[in-house]
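In this note's numbering, each residue carries its 1-based index in the sequence shown increased by 124. Structure record follows, encoded as C-alpha cells.
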Amino acid sequence: SRIARYFYHECERYLRYHATPKDRRKADGVPDIAWDTSPVRAAILDGGFTWEKEIIEKRLKGRVKIAKGKGKVHERAYDVAETLSILPNLMPDEAIYQPTLQVPDVFLKRYGIPPDLCAFPPCRPDLVQMLPDHGDARLKVIDIKASTHLKVSHRIQVATYALMLRDVDLAHGLNLPLDLGSGGIWLYGDTGPEWFDLRFSLLTIED
Numbered sequence: 125s126r127i128a129r130y131f132y133h134e135c136e137r138y139l140r141y142h143a144t145p146k147d148r149r150k151a152d153g154v155p156d157i158a159w160d161t162s163p164v165r166a167a168i169l170d171g172g173f174t175w176e177k178e179i180i181e182k183r184l185k186g187r188v189k190i191a192k193g194k195g196k197v198h199e200r201a202y203d204v205a206e207t208l209s210i211l212p213n214l215m216p217d218e219a220i221y222q223p224t225l226q227v228p229d230v231f232l233k234r235y236g237i238p239p240d241l242c243a244f245p246p247c248r249p250d251l252v253q254m255l256p257d258h259g260d261a262r263l264k265v266i267d268i269k270a271s272t273h274l275k276v277s278h279r280i281q282v283a284t285y286a287l288m289l290r291d292v293d294l295a296h297g298l299n300l301p302l303d304l305g306s307g308g309i310w311l312y313g314d315t316g317p318e319w320f321d322l323r324f325s326l327l328t329i330e331d
C-alpha cells in the first residue's frame with residue numbers, strides 16, 4: 125500500500141517518510157508520523173471494513189477461506205505457514221481472504237535490493253482467488269476498495285502483490301498457477317471485480 129501511495133503522490137519524500145521504521149526515525153532524522161485519528165478517517169475505514177465483510181460473507185458466501193478467530197472479520201488473517209498450505213490446494217472458484225506473504229530473499233535479489241537497506245513487512249492482499257482462464261484455472265489477486273473508481277494506485281497495489289506472490293511461489297517451490305496477465309479491483313457496490321491488464325503496471329513497478 126505504501127508503494128501504491130507513492131504512485132498516487134509521485135513524491136519520493138512521502139515514500140521515505142512513511143517507509144522508515146519507527147526505531148530508525150530518530151537516527152535517520154525522520155520526524156514521527158502524526159497519525160490521523162479524526163472521526164472522518166475512522167468512518168472511512170469502517171466503511172471499507174463493512175464492504176469487505178459484505179463481499180466475503182454474502183457475495184462470495186461459501187467460497188472464501190477465512191482465518192478462524194473471535195475478532196472482527198477484517199482483523200483475521202492467515203499466517204505465513206497457513207497461507208503456503210492453503211494456496212496450492214484452492215479449488216476452482218475458491219478464494220483465500222487475507223493470506224500473509226513474506227517477501228523472500230529471491231525478490232530482493234531479483235531487483236538488487238540489499239536486505240540491510242530495505243525490508244518488507246508481512247503483506248496481505250485482500251483476496252487470492254482461483255478462477256477460470258482460457259480453459260485453465262489460475263490464481264488472481266483481487267483487492268477490495270471502498271471506492272467507486274479504479275485508480276492507478278489500485279492497479280499498482282495489485283501488481284505489487286502479484287510480483288511478491290510470484291517469488292513466494294518460486295522460493296517455496298509451490299508451482300502455483302499464478303495469473304500475471306490480469307488483476308482485479310472490487311469497487312464499492314459492484315457485483316464483481318473490475319479486471320485490468322497487469323502487464324503495464326508490472327513493467328512500471330519493476331522499472
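We treat Cβ as the ideally placed atom computed from N, Cα and C, and that holds for glycine.
*Apart from the five residues just before and just after histidine 345, which ones in its own chain have a Cβ nearer than 8 Å to its Cβ?*
Residue 345 lies beyond the residue range present for the chain, which begins at 125 and ends at 331; the question has no answer from this structure.
*Closer than 8 Å by C-beta to arginine 129: which residues in its own chain qualify, once you throw out the five before and the five after it? Chain order, please.*
The answer, listed in chain order, is Tyr138, Leu139, His142 and Ser277.
*asked:* Measuring alpha carbon to alpha carbon, tell me which residue in Tyr285, Pro256, Gly172 and Asp260 is nearest isoleucine 266.
replied: Of Tyr285, Pro256, Gly172 and Asp260, the residue nearest in Cα terms is Tyr285.
*Consult DSSP for leucine 274 and reduce its assignment to one of helix, strand or coil.*
If DSSP states are grouped into helix, strand and coil, leucine 274 belongs with coil.
*Where are the beta strand (DSSP E) runs, 3 residues long or more, that stay fully inside the stretch 236-281, in chain order?*
Qualifying beta strand (DSSP E) stretches, in chain order: 251-257 and 260-268.
*For tryptophan 319, the three-state DSSP class (helix, strand or coil)*: Tryptophan 319 falls in the strand class under three-state DSSP.
*asked:* Classify leucine 287: buried if its beta carbon has 16 or more other beta carbons within 10 angstroms, exposed otherwise.
replied: Leucine 287 is buried by the Cβ-count criterion.
*Backbone CA spacing between threonine 315 and lysine 182 [nearest angstrom]*: Those two C-alpha atoms are separated by around 11 Å.
_Considering just the uninterrupted stretch of the alpha helix (DSSP H) at tryptophan 175, what are its terminal residues?_
Segment 163-178, the alpha helix (DSSP H) holding tryptophan 175.
*asked:* Let me check one thing: in DSSP terms, what residues is lysine 189 bridge-paired to?
replied: Bridge partners of lysine 189: Ile220.
*Since proline 216 and proline 256 are thought to touch, with beta carbons under 8 Å apart, how far apart are those beta carbons, to the nearest angstrom?*
Yes, they are in contact, since the Cβ atoms of proline 216 and proline 256 sit about 7 Å apart, within 8 Å.
_I'd like to know whether the C-beta atoms of phenylalanine 320 and arginine 279 end up nearer to each other than 7 Å._
The answer is yes: Cβ separation under 7 Å.
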